[in-house]
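Asks: Would you mind keeping the following structure in view while I ask a few things?
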Amino acid sequence: MPTLFRLLVAIAFVVGLAYAGMFALAVLVEPNEREVTVRVPTRDLLADTQ
8 MPTLFRLLVA
18 IAFVVGLAYA
28 GMFALAVLVE
38 PNEREVTVRV
48 PTRDLLADTQ
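Numbering-wise, the working numbering puts 44 at position 37 of the sequence shown, and it's gapless, one number per residue.
Right under this line is the structure:
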């Protein structure tokens with residue numbers, strides 16, 4: 008039983024680290040805004056959709 012408890016504590020610790028990392032990224036990192044341009048090929052615009 009102590010081995011199972013150690014395993015569960017280790018898993019909880021790793022999950023806690025992952026959660027803390029995601030929280031830190033969400034709070035501390037500010038995304039940069041930029042313009043996005045997507046080129047659509049003419050053949051896709053003129054394709055028969057029937």
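C-beta: ideal position from N, C-alpha, C; glycine also.
1) Going by DSSP in three states, threonine 49 sits in which element: helix, strand or coil?
2) Taking the continuous alpha helix (DSSP H) assigned at valine 21, which residues delimit it?
3) Please report the straight-line C-alpha distance between alanine 25 and glutamate 37, rounded to a whole angstrom.
Replies: Well, looking at it:
1) For the purposes of this step, residue 49 is taken as the residue at position 42 of the sequence shown. Reduced to three states, the DSSP call for threonine 49 is helix.
2) The residue you call residue 21 lines up with position 14 of the sequence shown. Note, valine 21: alpha helix (DSSP H), 9–35.
3) One-based indexing of the sequence shown puts residue 25 at position 18. One-based indexing of the sequence shown puts residue 37 at position 30. Glutamate 37 has its alpha-carbon roughly 19 Å from the corresponding atom of alanine 25.
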